[in-house]
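Single-structure report; data block below.
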Amino acid sequence: MPHKLSLVVPGLCGPVPTLDGFEASARPLLELLRPLRKQKISVADEAELLADLFGLSIHSPFPYAALASLSCGLDAGDDCWLHADPVNLQVDMQRAVLSDAQTLGIRDHEAEKLVEQINSHIAEDGLSVTMADANNWFIQLDNCDLRTTPLKQAVGRNINALMPTGAGAATWKRMLTEIQMLMHMSDVNQQREQRGLPVINSLWFWGEGRLPRPGNCDLTHVYADDAVTAGLAQLERIDHSTLTDPLVLAHTMKHDGHSLVSLQQLVEPLSYADVTAWLEAMRELVDDWLKPLIDTARSLDSDVSIYPCNGLRYHLGQNNKFELSKLMFWKKDRLQDYVDTQ
329 MPHKLSLVVP GLCGPVPTLD GFEASARPLL ELLRPLRKQK ISVADEAELL
379 ADLFGLSIHS PFPYAALASL SCGLDAGDDC WLHADPVNLQ VDMQRAVLSD
429 AQTLGIRDHE AEKLVEQINS HIAEDGLSVT MADANNWFIQ LDNCDLRTTP
479 LKQAVGRNIN ALMPTGAGAA TWKRMLTEIQ MLMHMSDVNQ QREQRGLPVI
529 NSLWFWGEGR LPRPGNCDLT HVYADDAVTA GLAQLERIDH STLTDPLVLA
579 HTMKHDGHSL VSLQQLVEPL SYADVTAWLE AMRELVDDWL KPLIDTARSL
629 DSDVSIYPCN GLRYHLGQNN KFELSKLMFW KKDRLQDYVD TQ
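Quick note: the sequence shown uses this note's numbering, first residue 329, plus one each step.
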């Protein structure tokens, strides 16, 4: 059986705030993808795609936190898990805009101190925050009645309309307000302010759910740095490696099987609507990852699928039979048909 390669690349086709000046900057990607066939698929976003690729039956909501906790070395068990990630909120009279932990440079001792202070406060509610690392905090729950917004859908946005809903939402909002007051007064944030650093002044609750039952899939190896994809590999007992050298990774395609590669470099710049950073990350992604992997796949007559996580895939089948008329969205007059704008 020939080797199969699935490249999961959320953000490859936007959405971007504007298309102005996009054509020239996207030329390297055009040259790479032009031979591939564009196809509609039944799954519309990354969560649905991952569930499909891993052969899982997952009903909404997608259990981001349980899967991430598994990959972080925690005992997920049968409990409901919830992310309680440290964030910064820029608040004015009308808006509260969220920045995630990746932008805050949180040190381990700062995270440990804040978690200790928060746990002292919420212990009376029978809750406890577990710190996997400085950026990833979790809460275990008895039930998953809460409904939340994934972090990447809240980053860079006004979160006033994105707060938790469902049973007990009022209690969670009250508790969050109390936690925010506690974090505001923490010596951790006083010291950060003195150093000119953004404060860690809130938590973002998201990703509620329990581990799903393992499914059936043909994946044989997973390459991923993100906790959710790594957690899925662990759940399914599939060999997992972190992303290192793309040339070393490409070498594995000389073997039979089905490899999945998760490339998340475009998520953060899109979350913050930073077109310049997105274009730069896209060029690096093409040069450092996509081109070496697809070139190797072509030489080995592999079956390749690129998933931008927007309801489409770009496919290179066996025997290198391309349809060069496909994927012509880089032509100026058709660009808007393929790259979403916000």
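Ideal Cβ positions, reconstructed from N, Cα and C, are used throughout, including at glycine.
Predicted model, so just to flag it, every value in this text is computed and none were measured.
Closest by CA to residue i, which one among the options?
{"i": "Leu674", "options": "Gly585, Leu571, Leu335, Leu417", "result": "A question about residue 674 goes unanswered here, because the residues of the chain that appear run from 329 up to 670."}
{"i": "Thr477", "options": "Asn517, Phe533, Asp461", "result": "Phe533"}
{"i": "His586", "options": "Pro597, Val603, Thr548", "result": "Thr548"}
{"i": "Cys408", "options": "Asp420, Val419, Ala393", "result": "Ala393"}
{"i": "Leu378", "options": "Asp584, Ala609, Pro540", "result": "Pro540"}
{"i": "Leu455", "options": "Ala462, Leu432, Arg362, Asn471", "result": "Asn471"}
{"i": "Ile507", "options": "Leu395, Gln481, Ala451", "result": "Ala451"}
{"i": "Ser353", "options": "His579, Asn638, Arg611", "result": "Arg611"}
{"i": "Pro389", "options": "Glu359, Cys341, Pro492, Lys441", "result": "Pro492"}
{"i": "Asp553", "options": "His579, Pro620, Leu563, Ser569", "result": "Ser569"}
{"i": "Arg520", "options": "Lys480, Phe466, Leu358, Ile434", "result": "Ile434"}
{"i": "Asp616", "options": "Leu628, Asn517, Gln593", "result": "Gln593"}
{"i": "Glu608", "options": "Leu333, Pro356, Ala412, Val589", "result": "Pro356"}
{"i": "Glu438", "options": "Asp567, Ala462, Ser448", "result": "Ala462"}
{"i": "Leu644", "options": "Leu358, Arg365, Glu359", "result": "Arg365"}
Which one or two residues does DSSP pair with residue i in a beta bridge?
{"i": "Thr493", "result": "Arg475"}
{"i": "His643", "result": "Arg365, Ser633"}
{"i": "Asp413", "result": "Trp532"}
{"i": "Ser334", "result": "Leu588, Ser633"}
{"i": "Asp602", "result": "Per DSSP, none; premise fails for Asp602."}
{"i": "Gln418", "result": "Val425"}
{"i": "Met509", "result": "DSSP lists no partner for Met509."}
{"i": "His568", "result": "Val550"}
{"i": "Gly537", "result": "Trp409"}
{"i": "Asn544", "result": "Per DSSP, none; premise fails for Asn544."}
Please list the terminal residues of the continuous beta strand (DSSP E) segment that includes residue i.
{"i": "Arg423", "result": "Run containing Arg423: none; DSSP gives neither H nor E here."}
{"i": "Glu452", "result": "Where Glu452 is concerned, there is no enclosing beta strand (DSSP E), given that its DSSP letter is neither H nor E."}
Count the other CB atoms within 10 Å of the CB of residue i; is the residue buried (16 or more) or exposed (fewer)?
{"i": "Ala671", "result": "Summary: the structure shown does not reach residue 671, with the chain confined to residues 329 through 670, and so no result is reported for it."}
{"i": "Thr346", "result": "exposed"}
{"i": "Val576", "result": "exposed"}
{"i": "Lys649", "result": "With a pLDDT of 47 at Lys649, under the threshold of 50, the modelled position of that residue is not reliable, and no figure is offered here."}
{"i": "Ser599", "result": "buried"}
{"i": "Gly349", "result": "exposed"}
{"i": "Glu536", "result": "buried"}
{"i": "Leu335", "result": "buried"}
{"i": "Arg502", "result": "exposed"}
{"i": "Met421", "result": "exposed"}
{"i": "Ala429", "result": "buried"}
{"i": "Pro343", "result": "exposed"}
{"i": "Glu440", "result": "exposed"}
{"i": "Thr604", "result": "exposed"}
Are residue i and residue j closer than 9 angstroms when you measure CB to CB?
{"i": "Ile446", "j": "Met509", "result": "no"}
{"i": "Gly339", "j": "Trp606", "result": "yes"}
{"i": "Val443", "j": "Leu426", "result": "no"}
{"i": "Gln468", "j": "Leu531", "result": "no"}
{"i": "Ala561", "j": "Asn486", "result": "no"}
{"i": "Leu618", "j": "Val371", "result": "no"}
{"i": "Leu381", "j": "Cys545", "result": "yes"}
{"i": "Ala497", "j": "Leu490", "result": "no"}
{"i": "Ala578", "j": "Asp623", "result": "yes"}
{"i": "Ser514", "j": "Thr458", "result": "no"}
{"i": "Val550", "j": "Leu588", "result": "yes"}
How would you write the range of the alpha helix (DSSP H) that residue i sits in, first residue to last?
{"i": "Ser388", "result": "Looking at the DSSP string, Ser388 is not in any alpha helix (DSSP H), and its letter there is neither H nor E."}
{"i": "Leu469", "result": "No alpha helix (DSSP H) holds Leu469; the beta strand (DSSP E) holding it covers 464 to 469."}
{"i": "Val550", "result": "Careful: Val550 lies outside any alpha helix (DSSP H), inside the beta strand (DSSP E) at 549 to 551."}
{"i": "Ser627", "result": "619 to 627"}
{"i": "Asp380", "result": "374 to 381"}
Counting only beta-carbon atoms, is residue i nearer than 9 angstroms to chain C?
{"i": "Glu359", "result": "Reference to chain C is not applicable here, since this structure consists of a single protein chain."}
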